[in-house]
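Enquirer: According to the working numbering, the stretch in the sequence shown is residues 130 to 725, in order.
Note that beta-carbon positions come from the ideal geometry of N, C-alpha and C, so glycine has one too.
This one's a predicted model, so the numbers in the text were calculated from it and none came from an experiment.
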Amino acid sequence: MENEDESGQRGPAWLVEQRYRAVLEVLDGSPVSEVAVRYGVSRQTVYTWKTKHEAEGLGGLREKSRRPRTSPTRLPAEVEALVCEMRRANPRWGARRIAFEVARTGTGAAPSRATVHRVLVRNGLIRRQEQKHRRKCKRWQRETPMHLWQMDLVGGIFLADGRECKMLTGIDDHPRFVVIATVLAVPSGRAVADGFVRAMRTYGVPAEVLTDNGKQFTGRFTKPRPAEVLFERVCRENGVTAKLIKPYSPTTTGKIERWHQTLRRELLDVSGPFADLPAAQAAVDAWVHTYNTARPHQALDMATPASRFRPNPPPEPTVVTAPPTAAEPSTVAEPAGPVTMLVLASAPAVEFETAVAATGIVGVLPRVQRVRLSEDYAGRRARVWADEHTIHIVIDGELVRSVASRLDASNLHELSMRGAVRAGPPPATAAASRLGRLEPGSVIEIDRKVDLSGVVSLGKAKVTVGYELAGQRVTLRLDGHLMHVVHDGVLAKTLPAPLEADQRTGLRGARVGTGELPAPAAGAVRVERKVPADGVIMVARQRLRVGRTYAGEIVTVHVEDTYFRITLNGADLALHPRKNQHPVTRFRPKIHSPKL
Numbered sequence: 130m131e132n133e134d135e136s137g138q139r140g141p142a143w144l145v146e147q148r149y150r151a152v153l154e155v156l157d158g159s160p161v162s163e164v165a166v167r168y169g170v171s172r173q174t175v176y177t178w179k180t181k182h183e184a185e186g187l188g189g190l191r192e193k194s195r196r197p198r199t200s201p202t203r204l205p206a207e208v209e210a211l212v213c214e215m216r217r218a219n220p221r222w223g224a225r226r227i228a229f230e231v232a233r234t235g236t237g238a239a240p241s242r243a244t245v246h247r248v249l250v251r252n253g254l255i256r257r258q259e260q261k262h263r264r265k266c267k268r269w270q271r272e273t274p275m276h277l278w279q280m281d282l283v284g285g286i287f288l289a290d291g292r293e294c295k296m297l298t299g300i301d302d303h304p305r306f307v308v309i310a311t312v313l314a315v316p317s318g319r320a321v322a323d324g325f326v327r328a329m330r331t332y333g334v335p336a337e338v339l340t341d342n343g344k345q346f347t348g349r350f351t352k353p354r355p356a357e358v359l360f361e362r363v364c365r366e367n368g369v370t371a372k373l374i375k376p377y378s379p380t381t382t383g384k385i386e387r388w389h390q391t392l393r394r395e396l397l398d399v400s401g402p403f404a405d406l407p408a409a410q411a412a413v414d415a416w417v418h419t420y421n422t423a424r425p426h427q428a429l430d431m432a433t434p435a436s437r438f439r440p441n442p443p444p445e446p447t448v449v450t451a452p453p454t455a456a457e458p459s460t461v462a463e464p465a466g467p468v469t470m471l472v473l474a475s476a477p478a479v480e481f482e483t484a485v486a487a488t489g490i491v492g493v494l495p496r497v498q499r500v501r502l503s504e505d506y507a508g509r510r511a512r513v514w515a516d517e518h519t520i521h522i523v524i525d526g527e528l529v530r531s532v533a534s535r536l537d538a539s540n541l542h543e544l545s546m547r548g549a550v551r552a553g554p555p556p557a558t559a560a561a562s563r564l565g566r567l568e569p570g571s572v573i574e575i576d577r578k579v580d581l582s583g584v585v586s587l588g589k590a591k592v593t594v595g596y597e598l599a600g601q602r603v604t605l606r607l608d609g610h611l612m613h614v615v616h617d618g619v620l621a622k623t624l625p626a627p628l629e630a631d632q633r634t635g636l637r638g639a640r641v642g643t644g645e646l647p648a649p650a651a652g653a654v655r656v657e658r659k660v661p662a663d664g665v666i667m668v669a670r671q672r673l674r675v676g677r678t679y680a681g682e683i684v685t686v687h688v689e690d691t692y693f694r695i696t697l698n699g700a701d702l703a704l705h706p707r708k709n710q711h712p713v714t715r716f717r718p719k720i721h722s723p724k725l
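Shown next as structure tokens:
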């Protein structure tokens, strides 16, 4: 319960009563020392209560405000309102950034960071948190710009079609100026080197570059022996010292990693999927320009990175070309033209043998390209035919897979150094994706494995080829508006083509078809069934009696138009008339594992 006097001062009623009783005991003759001990206060406090009671009566024992009448250093109301509005408009700004922005507006005296923090807490715009004692790291920084670039690859660039792209990023260690921000559809070694050369064309050649141990940046961990990758060669040819961090030590490249965090918070988390790759690059370029030229950086005492950055005179970065010959002298691309990377003379095709991994992967050149096969080929010996356009995989004299090649002349030379020999004629035609626009009437062939539902994938299209081919490897022959399904060298089925002609060259494993269309298989459809204990099997929704004598045997059923013929090891067992025209959906017997 509280009481209130004429001046509006409020206080607990029990507190006034307690003080009044202490004063009465003193007035009744009790020693002040004993009263002070009894009420848990000092002797001076008891004398103060007695004096106030004599001067003001009971009202003198109430609590009074100690607030000063004036506060000359109090933050003006308009400045406090401006701080709150800045925080609401920019939720990611902290107290230091808001204090800097308020000072730039020139609205009265600039508040300190601590004052802004108290304003934000008082208005409920941030929550008071316990102080975190972060692990202290040894900080370092180069003395001048263009001494060291930190580079990395970062993901999280999503497109409207569902793809996720990566971005090659680079930042100057001294001024935190972003020198590289290139969105890549495929983060290959060539694309990374290309982005690095473009940055050197713009800002000049740095003295050093610091990266992690990614395969695009170094061949240090290449198996079975280290090798020089394209990025390392570009650094060597341009006199750039390529430095690597220790494995699992991302704090060494902390500046670029911290910039990735800012990129995600201020751009990627609020932008959503981009329409396409050019739209993503345009958005990144606009944000990077603002970051470099307008956004104050706290590590630079709120200066902008552009104010501290001084590019070198941008000489033309060295482009490695083929050795000059008498007939064809070496030339260097003009600066105004497109960036050209490692224009080497075309190397001849090579062949070599390797083993298929347990996962069905054939490592042509593991850091550059791998080819995925079925796990059924695990442990088999495969012969690889490779050039700059196509890679063919042959197992036991049979062409298993043809894919577009990502190898260049230097990669083929590296394979030769590893034991590959000069190749003979290709076992099949070139991959279609390397041929660009095809002539009208061209036939495309693609090898696919049919899943257990009888479906194959062609790009984003799903095509049902039939249950009878489930688990089998087939060749899809796209010819005009038709798609022919070839299995074991015979025509198994003909379906409408699911893709237009201009969409076929980009399919995985596509190649130009040769030869004539195989003839269809002669004879009836054959299925297999395991005879149960009651001697009755089921084919096309019709019960067929075989006999309990053959329980546990696997019989073959020949499905004709008007009857079913059942055989075992070539001998006829039974003949049943066909009573319906339901399609056959299961061609293999169900074999149940024994219970343990």
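#1: Would you say the segment 325-333 touches the segment 284-293, given that touching needs at least three Cβ pairs under 8 Å?
#2: Please report the straight-line C-alpha distance between Leu494 and Gln601, rounded to a whole angstrom.
#3: Taking all protein chains shown into account, decide if Trp778 is buried (16 or more other Cβ within 10 angstroms of its Cβ) or exposed.
#4: Among Arg172, Met667, Glu657, which has the Cα closest to the Cα of Val687?
#5: Thr604 bridges to which residues according to DSSP?
#6: Please classify Pro274 as buried or exposed, where buried requires at least 16 other C-beta atoms within 10 Å of its C-beta.
#7: For Ala621, which residues from the same chain have a beta carbon less than 6 Å from its beta carbon, with the 5 sequence-adjacent residues on both sides left out?
#8: On the premise that Val145 lies in contact with Lys179, defined as a C-beta separation below 8 Å, what is that separation, rounded to the nearest angstrom?
#9: Which runs of the alpha helix (DSSP H) spanning at least 4 residues fall entirely within the segment 357-402, listed in chain order?
#10: Hey, could you find the ends of the beta strand (DSSP E) Ala322 is sitting in?
#11: Given this structure, state the Cα-to-Cα distance separating Ser171 from Arg242, to the nearest angstrom.
#12: Going along the chain, which unbroken runs of the alpha helix (DSSP H) with 4 or more residues stay wholly within the segment 148-230?
#13: Count Cβ pairs between the segment 351-358 and the segment 495-504 that sit closer than 8 Å; are there 3 or more?
#14: Of all Cβ atoms in chain B, is any one closer than 8 Å to the Cβ of Ala320?
#15: Would you call the segment 179-195 and the segment 212-225 touching, i.e. three or more CB-CB distances under 8 Å?
#16: Which same chain residues end up closer than 6 Å to Ser503 when comparing Cβ atoms and leaving out the 5 residues on each side of it in sequence?
#17: Give the DSSP-derived three-state secondary structure of Ala590 in the structure shown.
#18: Assuming Glu543 is part of the beta strand (DSSP E), what are its boundary residues?
#19: When you compare the CB positions of Ala515 and Leu536, do they come within less than 8 Å of one another, or not?
#20: Considering only the beta carbon of each residue, do Pro425 and Phe306 sit closer than 8 Å?
#21: Taking all protein chains shown into account, do 16 or more other C-beta atoms lie within 10 angstroms of the C-beta of Trp388, making it buried, or fewer, making it exposed?
#22: Note down the Cα distance separating Ser436 from Ala511, rounded to an integer number of angstroms.
#23: DSSP beta-bridge partners for His521?
#24: Compare the C-alpha of His711 against each of Leu646, Ser586, Ala669 and name the closest.
#25: Tell me the rounded alpha-carbon separation between Leu204 and Arg167.
#26: Can you tell me where the alpha helix (DSSP H) holding Tyr420 begins and where it ends?
#27: Specify, as a first and last residue, the run of the beta strand (DSSP E) that Arg251 falls within.
#28: With DSSP run on the structure shown, which of helix, strand or coil describes Gln279?
#29: What residues match up with Val500 in a beta bridge as DSSP calls it?
#30: Under 8 Å by Cβ, that's how I've got Leu607 and Ala626 pegged, so tell me the actual separation to the nearest angstrom.
#31: Which of the three DSSP states, helix, strand or coil, is assigned to Thr727?
#32: Could you give the distance in angstroms between the alpha-carbon of Ala476 and the alpha-carbon of Gly553?
#33: What would DSSP say about Val145, mapped onto helix, strand or coil?
#34: By alpha-carbon positions, which one of Ser162, Val175, Asp157 ends up nearest to Gln147?
#35: Buried or exposed for Leu581, going by 16 or more other Cβ atoms inside 10 Å?
#36: In whole angstroms, what separates the C-alpha of Val572 from that of Gly609?
Expert: In terms of the structure at hand:
#1: no
#2: On the sequence shown, residue 494 is found 365 positions in, with the first residue counted as 1. On the sequence shown, residue 601 is found 472 positions in, with the first residue counted as 1. Spanning the two alpha carbons is a distance of roughly 28 Å.
#3: In the structure as shown, the chain starts at 130 and stops at 725, and residue 778 therefore has no counterpart that could be examined.
#4: Against the sequence shown, residue 687 aligns to sequence position 558. Reading the sequence as shown, one finds His at residue 687 and not Val. Here the closest residue by C-alpha is Glu657.
#5: Position 475 of the sequence shown, counted from the start, is the residue given in the question as residue 604. Thr604 is bridged to Asp576, Val615.
#6: As a first step, residue 274 must be located in the sequence shown, where it is residue number 145. The residue in question, Pro274, is buried, as its Cβ has 16 or more Cβ neighbours within 10 Å.
#7: Walking along the sequence shown from the start, residue 621 turns up at place 492. Only Val614 meet the Cβ criterion.
#8: The residue labelled residue 179 in the question sits at position 50 within the sequence shown. The residue labelled residue 145 in the question sits at position 16 within the sequence shown. Lys179 to Val145, Cβ: 14 Å. No contact.
#9: 359-366, 383-392
#10: Mapped onto the sequence shown, residue 322 falls at position 193. Looking at the DSSP string, Ala322 is not in any beta strand (DSSP E); the run it does join, the alpha helix (DSSP H), is 318-332.
#11: In the sequence shown, the residue the question calls residue 171 occupies position 42. In the sequence shown, the residue the question calls residue 242 occupies position 113. Distance between the alpha carbons of Ser171 and Arg242 is about 41 Å.
#12: 161-168, 172-185, 206-218
#13: yes
#14: Note that chain B does not occur in the displayed structure, where there is just one protein chain.
#15: no
#16: Taking the first residue of the sequence shown as position 1, residue 503 is located at position 374. These residues qualify, in order along the chain: Gly489, Lys578.
#17: Sequence index remark: in the sequence shown, residue 590 carries index 461 (1-based). Looking at Ala590 - three-state DSSP - the assignment turns out to be strand.
#18: In the sequence shown, counting from the first residue as 1, residue 543 sits at position 414. No beta strand (DSSP E) holds Glu543; the alpha helix (DSSP H) holding it covers 538-546.
#19: Residue numbering aside, residue 515 sits at position 386 when the sequence shown is read from its first letter. Residue numbering aside, residue 536 sits at position 407 when the sequence shown is read from its first letter. Yes.
#20: As a working mapping, residue 425 is identified with position 296 in the sequence shown. As a working mapping, residue 306 is identified with position 177 in the sequence shown. Not a contact, by the Cβ cut-off of 8 Å.
#21: For the purposes of this step, residue 388 is taken as residue 259 along the sequence shown, with counting starting at 1. Buried, since its Cβ has 16 or more Cβ neighbours within 10 Å.
#22: Indexing the sequence shown from 1 puts residue 436 at position 307. Indexing the sequence shown from 1 puts residue 511 at position 382. If I take the Cα positions, the gap works out to 58 Å.
#23: Locating residue 521 in the sequence shown gives position 392, where the first residue counts as 1. Bridge partners of His521: Trp514, Ser531.
#24: Within the sequence shown, the letter at position 582 stands for residue 711. Here the closest residue by C-alpha is Ala669.
#25: Mapped onto the sequence shown, residue 204 falls at position 75. Mapped onto the sequence shown, residue 167 falls at position 38. Looking at the two C-alpha atoms, the distance is approximately 45 Å.
#26: In the sequence shown, residue 420 corresponds to position 291, counting from 1. Tyr420 -> alpha helix (DSSP H) spans 406-422.
#27: Your numbering for residue 251 matches position 122 in the sequence shown. Careful: Arg251 lies outside any beta strand (DSSP E), inside the alpha helix (DSSP H) at 242-251.
#28: Residue numbering aside, residue 279 sits at position 150 when the sequence shown is read from its first letter. DSSP places Gln279 in strand when its eight states are reduced to three.
#29: Here residue 500 refers to the residue found at position 371 when the sequence shown is read from its first residue. DSSP output for Val500 lists Val491 as bridge partner(s).
#30: Translated into the one-based positions of the sequence shown, residue 607 becomes position 478. Translated into the one-based positions of the sequence shown, residue 626 becomes position 497. Sure, about 5 Å apart at Cβ, within 8 Å.
#31: Nothing can be reported for residue 727, as the shown portion of the chain is limited to 130 through 725.
#32: Numbered from 1 along the sequence shown, position 347 holds the residue referred to as residue 476. Numbered from 1 along the sequence shown, position 424 holds the residue referred to as residue 553. Each residue's alpha carbon lies about 14 Å from the other.
#33: Reading the sequence shown from its first residue, position 16 is the one you call residue 145. Looking at Val145 - three-state DSSP - the assignment turns out to be helix.
#34: Mapped onto the sequence shown, residue 147 falls at position 18. Nearest of Ser162, Val175, Asp157 to Gln147, Cα basis: Val175.
#35: As a working note, residue 581 is residue 452 in the sequence shown. With fewer than 16 other Cβ atoms within 10 Å, it is exposed.
#36: Within the sequence shown, the letter at position 443 stands for residue 572. Within the sequence shown, the letter at position 480 stands for residue 609. Looking at the two C-alpha atoms, the distance is approximately 7 Å.
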